[in-house]
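According to UniProt numbering, the residues represented by the sequence shown are 1 to 425, in order.
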Amino acid sequence: MHPEFHLDVLDDLVYEASGDVEGAVPLASDPDHRYPYAYPRDIACITRAWLAAVRAGVDVDRSRRHIVDAARFHLGVQGDDGAWQQRYALDGTDKGIYIQEDNVAHGLRVLSHAVFALDETDSWSAVGDEFVDDVAEAIDQAIAYTRRELYDPNAHLVESTTSIHEGRIESGYTLWVNAAFVSGLRQARRALSVGGVEQSDIESRIDEFLPILEGGVERAFTSPQQVPRRYSPEGELDFRPDVTLFSPYYFGLSDLFGDAADEAAQRAATALEDPRLGGLQRFLGFYRDFEVHQHGGNGPWMQYTAWHAQYRYDRGENARGDDILQNVASYADEDGHIPEHLTTRARFESFVENEWDTGLDFEKEFDDAVLRDVSFDLVSEELGHMRDSYEGIADRVETADVVGFARPLAWCHAEFLTALIRADA
Numbered sequence: 001m002h003p004e005f006h007l008d009v010l011d012d013l014v015y016e017a018s019g020d021v022e023g024a025v026p027l028a029s030d031p032d033h034r035y036p037y038a039y040p041r042d043i044a045c046i047t048r049a050w051l052a053a054v055r056a057g058v059d060v061d062r063s064r065r066h067i068v069d070a071a072r073f074h075l076g077v078q079g080d081d082g083a084w085q086q087r088y089a090l091d092g093t094d095k096g097i098y099i100q101e102d103n104v105a106h107g108l109r110v111l112s113h114a115v116f117a118l119d120e121t122d123s124w125s126a127v128g129d130e131f132v133d134d135v136a137e138a139i140d141q142a143i144a145y146t147r148r149e150l151y152d153p154n155a156h157l158v159e160s161t162t163s164i165h166e167g168r169i170e171s172g173y174t175l176w177v178n179a180a181f182v183s184g185l186r187q188a189r190r191a192l193s194v195g196g197v198e199q200s201d202i203e204s205r206i207d208e209f210l211p212i213l214e215g216g217v218e219r220a221f222t223s224p225q226q227v228p229r230r231y232s233p234e235g236e237l238d239f240r241p242d243v244t245l246f247s248p249y250y251f252g253l254s255d256l257f258g259d260a261a262d263e264a265a266q267r268a269a270t271a272l273e274d275p276r277l278g279g280l281q282r283f284l285g286f287y288r289d290f291e292v293h294q295h296g297g298n299g300p301w302m303q304y305t306a307w308h309a310q311y312r313y314d315r316g317e318n319a320r321g322d323d324i325l326q327n328v329a330s331y332a333d334e335d336g337h338i339p340e341h342l343t344t345r346a347r348f349e350s351f352v353e354n355e356w357d358t359g360l361d362f363e364k365e366f367d368d369a370v371l372r373d374v375s376f377d378l379v380s381e382e383l384g385h386m387r388d389s390y391e392g393i394a395d396r397v398e399t400a401d402v403v404g405f406a407r408p409l410a411w412c413h414a415e416f417l418t419a420l421i422r423a424d425a
């Protein structure tokens, strides 16, 4: 698979915004599949890939245009309080059902990526002064919201309810969320120092807050013998391995973490490798743990497996990176589309017997502790997507022992694209 192929797949998943919202964004998957929404977390990782393409000279104009369009969409859906939520319809309707604080950091990343793409291609003429002013104002509002609503001044960390895993396993003070905010703030600071966007007042507010958060993150996550994935809301250390141990590497925080960044990534790679299918599982599959969601049966997730490939390429371990990507590509369909994650017949049947039919999965997915104050209609809509997905999987495992979910998933193709670019760097 060449970088251009993944850019084409992403192209097919980009849709124009509607109503009063400007821009265009990649939906997580095809509109008739399980994830017919725009997710700021996914989009920030996708704009990261497009920015990597810009910097590598791969289809520069198209990649830059998509980043700027995604930024316009995020300007349109940012809340009056300065926050971004879990997911949105194309008309800007808030479709989020979970409390996910990290999306504020991802919104900052998307806006910053747009500034970098415009600056590095000298394309400021493609946007007007109003866009630049709107980006600066949105960054300022997001930072104010973070300090006011999310930052715990006693722990010196950002507290979260859920994030990348959409469950209680992300409640408390997590490595992923805090690394995302350090990265988002750093990128926003750089974006505001670019010639066309200079905003000294906002820069000074970041300069006041960022070192405090960086100090809290360094202290909390590098002082233990191993990097923890989180502190619980009560401050208890959680060392269970999961893919968020790649966060220091993924967000480029080696200056804060030092050797601990490699320790964490290596531990995740070792602990989470699927012994049968290859690739990285999100976390270990102990279904009785109420904080762990199996999503149809535990198995490797392709976007996180691509993180592992990126990590190996950046360490100069190109042969291992190639092997990892070849494993991912082996699970693509005849069109080259990569699924979100995989499961086997036995794992899916175990999930149905132990979690779906018993209602345990419903209790995990729609836990009051992590839900926003949303109507039951929205919960029912999500449950319908889940039911349709699992009914489809049940039909497929009649004839296939290994099946994939949500193919193509935009995020997976973005991370594969980034890995290919790292391989050629």
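No residue lacks a Cβ here, since even glycine has one placed at the ideal position from N, Cα and C.
Helix, strand or coil for residue i per DSSP?
{"i": "SER254", "result": "helix"}
{"i": "TYR249", "result": "helix"}
{"i": "ALA355", "result": "Checking the sequence shown, residue 355 turns out to be Glu, not Ala. If DSSP states are grouped into helix, strand and coil, GLU355 belongs with the helices."}
{"i": "ALA28", "result": "coil"}
{"i": "PRO275", "result": "coil"}
{"i": "PRO40", "result": "helix"}
{"i": "PRO408", "result": "coil"}
{"i": "HIS413", "result": "helix"}
{"i": "PHE290", "result": "coil"}
{"i": "ARG186", "result": "helix"}
{"i": "VAL397", "result": "coil"}
{"i": "MET1", "result": "coil"}
{"i": "PHE221", "result": "helix"}
{"i": "VAL197", "result": "helix"}
{"i": "TYR311", "result": "helix"}
{"i": "GLY316", "result": "coil"}
{"i": "VAL60", "result": "helix"}
{"i": "GLU349", "result": "helix"}
{"i": "ASP333", "result": "coil"}
{"i": "ALA425", "result": "coil"}
{"i": "PHE366", "result": "coil"}
{"i": "residue 449", "result": "The displayed coordinates of the chain run from 1 to 425. Any statement about residue 449 would go beyond what the structure contains."}
{"i": "TYR390", "result": "helix"}
{"i": "GLN326", "result": "helix"}
{"i": "HIS385", "result": "helix"}
Which word fits residue i, buried or exposed, when buried means at least 16 other C-beta atoms lie within 10 angstroms of its C-beta?
{"i": "PHE221", "result": "buried"}
{"i": "LEU108", "result": "buried"}
{"i": "GLU214", "result": "buried"}
{"i": "ASN154", "result": "exposed"}
{"i": "GLU365", "result": "buried"}
{"i": "GLU415", "result": "buried"}
{"i": "residue 506", "result": "Coverage of the chain is limited to positions 1 through 425, which leaves residue 506 absent and any answer about it impossible."}
{"i": "SER112", "result": "buried"}
{"i": "ALA346", "result": "exposed"}
{"i": "ASP242", "result": "buried"}
{"i": "THR399", "result": "exposed"}
{"i": "SER163", "result": "buried"}
{"i": "ARG148", "result": "exposed"}
{"i": "residue 460", "result": "Any property of residue 460 remains undetermined from this structure, which presents the chain solely from 1 to 425."}
{"i": "ALA191", "result": "buried"}
{"i": "GLN303", "result": "buried"}
{"i": "HIS33", "result": "buried"}
{"i": "GLY196", "result": "exposed"}
{"i": "ARG186", "result": "buried"}
Give the C-beta separation of residue i and residue j to the nearest angstrom, bearing in mind that I take them to be a contact with Cβ-Cβ under 8 Å.
{"i": "ALA17", "j": "ILE43", "result": "Going by Cβ atoms, the distance from ALA17 to ILE43 rounds to 12 Å, so no, they are not a contact pair."}
{"i": "GLN310", "j": "ALA410", "result": "Not really, about 17 Å apart at Cβ, beyond 8 Å."}
{"i": "TRP301", "j": "PHE246", "result": "No, TRP301 and PHE246 are not in contact; Cβ-Cβ is about 12 Å, not under 8 Å."}
{"i": "ARG118", "j": "SER63", "result": "The question names Arg, but residue 118 in the sequence shown is Leu. No, LEU118 and SER63 are not in contact; Cβ-Cβ is about 12 Å, not under 8 Å."}
{"i": "ILE206", "j": "ALA188", "result": "6 Å"}
{"i": "ILE324", "j": "ARG312", "result": "6 Å"}
{"i": "LEU371", "j": "TYR98", "result": "7 Å"}
{"i": "TYR37", "j": "ALA83", "result": "Wrong, their Cβ atoms sit about 17 Å apart, outside the cutoff."}
{"i": "PRO31", "j": "LEU10", "result": "Not confirmed; about 15 Å, so no contact."}
{"i": "ARG267", "j": "HIS165", "result": "17 Å between Cβ atoms; not a contact."}
{"i": "ASP274", "j": "TRP176", "result": "With 8 Å as the limit, ASP274 and TRP176 do not qualify as a contact, their Cβ atoms being about 21 Å apart."}
{"i": "PHE251", "j": "SER183", "result": "4 Å"}
Got a sec: is the Cβ-Cβ distance from residue i to anything in chain D below 9 Å?
{"i": "LEU325", "result": "The chain inventory of the structure shown lacks chain D, comprising one protein chain alone."}
Among all the DSSP beta bridges, which residues are the ones paired with residue i?
{"i": "VAL14", "result": "PRO26"}
{"i": "THR343", "result": "VAL403"}
{"i": "TRP301", "result": "HIS341"}
{"i": "GLN281", "result": "PRO300"}
{"i": "TYR231", "result": "TYR173, LEU237"}
{"i": "ASP242", "result": "PHE283"}
{"i": "LEU371", "result": "TYR98"}
Exercise. Which whole runs of the beta strand (DSSP E) in the stretch 67 to 97 are 3 residues long or more, in chain order?
Worked result: none
For this session: Taking only runs that begin and end inside the stretch 99 to 178, name each unbroken alpha helix (DSSP H) of 4 or more residues, in chain order.
Result: 102 to 120, 129 to 145
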